[in-house]
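See structure below.
Protein chains: 2
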Amino acid sequence: MGITERREREKEQRQNAIIDAAETVFFSKGVENATMDEVAEQAELSKGTLYLYFQNKDDLYHAIILRGLNLLHSSFEEAVVKEEKGIDKLNAIGRAYYDFYKQYPEYANAMLHHEGHKIDIECNEKNPFVAHCNETGNKLFGFMQEAVKTGIQDGSLRPDLNPLLVSVVLWAHSNGIMQIIESKGEFFEKMMGIKREDIMDYSFQLMRCYLKNNPG
Amino acid sequence: MGITERREREKEQRQNAIIDAAETVFFSKGVENATMDEVAEQAELSKGTLYLYFQNKDDLYHAIILRGLNLLHSSFEEAVVKEEKGIDKLNAIGRAYYDFYKQYPEYANAMLHHEGHKIDIECNEKNPFVAHCNETGNKLFGFMQEAVKTGIQDGSLRPDLNPLLVSVVLWAHSNGIMQIIESKGEFFEKMMGIKREDIMDYSFQLMRCYLKNNPG
DNA sequence: ATTTATTCTGACTGATAGTCATTTATTAAA
DNA sequence: TTTAATAAATGACTATCAGTCAGAATAAAT
């Protein structure tokens, strides 16, 4: 009786097909300007069907964001595992973040949308994908926190750092950079002659100043 | 013939009254959930009249944001003028930013909305208040940049800093902190036991690490 | 008192997120 | 094979809301 299983599989495939369609539409003209009817047309389904698979437009968007977060999660995990020292783990995480931005700028940009979302514990049933994004986001944050703790213990990071607070600041700092690059990147490039990569590079450089242990 | 002048004055008063009403409505339930009809009712005007004074909802919101930016502008100016050394100017700017957040959390939060806006040079006619916000935002940024330059020259900041890039990073960093406090502040307070002020304080502390000159 | 200019109104339009009674397709039972 | 039961999909419909505009109301000028 593999029918139930097959149905389950088909359901998942259809759900993914809808996310694919939404990605195409949302990324091409921006979520704000994209309509559910357009997603439905791209997916070759009726609008009503979309709502059988997703609670609402925002949750569908978070299904896309979740894909990005999962990619980033893999990269972070890899980064943390392959390096020994705390400072190197953090450098590798920074590198992963940077590469992610370079390789998937649209996912990176979509992530900003999630970062702006207020965490609402009640919303789990109403917005399952939002909830899932929160979970995955917490895991990413956890990787950073662990790396900081490791670094403090192995002496590669300043011993007086507060692991939790410094992780919060690192996270906020990174997202701030991402956001300014997204919203003002073109302006800076055209008017000030500085490239987006320069901003990212430089901010990582400065981060190292407050992280690195300088004995003596 | 002071009629034209009186008319001019009344027009401005009415415009301000509308901004007052919009502030009440937008701040009480959030811009997203607030309608122009509600603003009209609060202002005791018809909806059509709102559109004689403002191009659209977003521009009206930016009229509110502009009030916040102007407050911040005064504080920044005061901060820069009263201090001599570059590092002290920056500290005072940080302090001003912090006080602004404490005293006007709603304006601070509204500012985030503007920071997320892509700069569109074409939009000036269509969204005059957005354009004005951009101008004022640039001035704020200019204060920071000047303070950094001063600090490099007077030796209170690291001599190898790139004034433009470090200003961009400072700006992005600050906004990132603001955003994380807005979106995750409650979460951090309840689940991790860290207050919003702690995050702000700590991030300023860390900023000083990459700014301050440590000779020897 | 009449004309002109200015300000305001609110019913209307268009766009779009989300719903739901109905139809179509699939599987199980007779 | 026919019929009943279950699941998936549809698209016309509703509700909401930003933004418009022809005309009413008010004020100023002649």
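Residue numbers (this note's numbering), protein chains in the order written: chain Z, 1 to 216; chain A, 1001 to 1216.
Just so it is clear, CB atoms sit at the ideal spot from N, CA and C, and this is done for glycine as well.
Does residue i come within less than 7 angstroms of chain Z when only Cβ atoms are used?
i	result
histidine 1173 of chain A	yes
glycine 1002 of chain A	no
cysteine 1209 of chain A	yes
glycine 1116 of chain A	yes
serine 1183 of chain A	yes
isoleucine 1087 of chain A	no
Find the residues of chain A that neighbour residue i, judging by a C-beta separation of less than 8 angstroms, and give them in chain order.
i	result
glutamate 189 of chain Z	Going along chain A, no residue has its Cβ under 8 angstroms from glutamate 189 of chain Z, so there is no contact; the nearest lies around 11 angstroms.
isoleucine 199 of chain Z	Leu1165, Val1168, Val1169 and Ala1172
asparagine 162 of chain Z	Tyr1202
leucine 206 of chain Z	Val1166, Val1169 and Tyr1210
Quick check on DSSP: helix, strand or coil for residue i?
i	result
leucine 112 of chain Z	helix
lysine 118 of chain Z	coil
leucine 1071 of chain A	helix
leucine 1161 of chain A	coil
lysine 11 of chain Z	helix
lysine 57 of chain Z	helix
lysine 1212 of chain A	strand
threonine 35 of chain Z	coil
arginine 202 of chain Z	For the record, residue 202 of chain Z in the displayed sequence is tyrosine; it is not arginine. Looking at tyrosine 202 of chain Z - three-state DSSP - the assignment turns out to be helix.
tyrosine 1101 of chain A	helix
serine 1046 of chain A	coil
At a Cβ threshold of 7 angstroms, is residue i touching chain A?
i	result
isoleucine 119 of chain Z	yes
isoleucine 177 of chain Z	yes
isoleucine 19 of chain Z	no
Leaving out five residues before and five after residue i in sequence, what residues of the same chain have Cβ atoms less than 7 angstroms from its Cβ?
i	result
lysine 1057 of chain A	Met1036
asparagine 1109 of chain A	Glu1182
On the CB-based measure, 16 or more other CB atoms within 10 Å of its CB, does residue i come out buried or exposed?
i	result
threonine 1150 of chain A	buried
isoleucine 19 of chain Z	buried
glycine 1002 of chain A	exposed
serine 1028 of chain A	exposed
glutamate 1122 of chain A	exposed
glutamate 1115 of chain A	buried
glycine 176 of chain Z	buried
proline 163 of chain Z	buried
asparagine 1124 of chain A	exposed
leucine 1052 of chain A	exposed
In chain Z, which residues lie less than 9 angstroms from residue i when you measure between Cβ atoms?
i	result
methionine 1192 of chain A	Leu164 and Val168
isoleucine 1065 of chain A	Correct list: empty, because the minimum Cβ distance to chain Z is about 14 angstroms.
Mind pulling the chain Z residues with CB within less than 8 angstroms of residue i?
i	result
isoleucine 1180 of chain A	Glu115, Val168, Trp171, Ala172 and Asn175
Kindly list the residues whose CB is nearer than 8 angstroms to the CB of residue i, restricted to its own chain and excluding five residues on each side of it in sequence; keep chain order.
i	result
isoleucine 1093 of chain A	Phe1076, Ala1079, Val1080, Phe1143, Met1144 and Ala1147
Ignore the nearest five residues each way along the sequence and tell me which others in residue i's own chain have a CB closer than 6 angstroms to its CB.
i	result
leucine 1060 of chain A	Ala1022 and Phe1054
arginine 1196 of chain A	Ile1181 and Gly1185
tyrosine 107 of chain Z	Gly68
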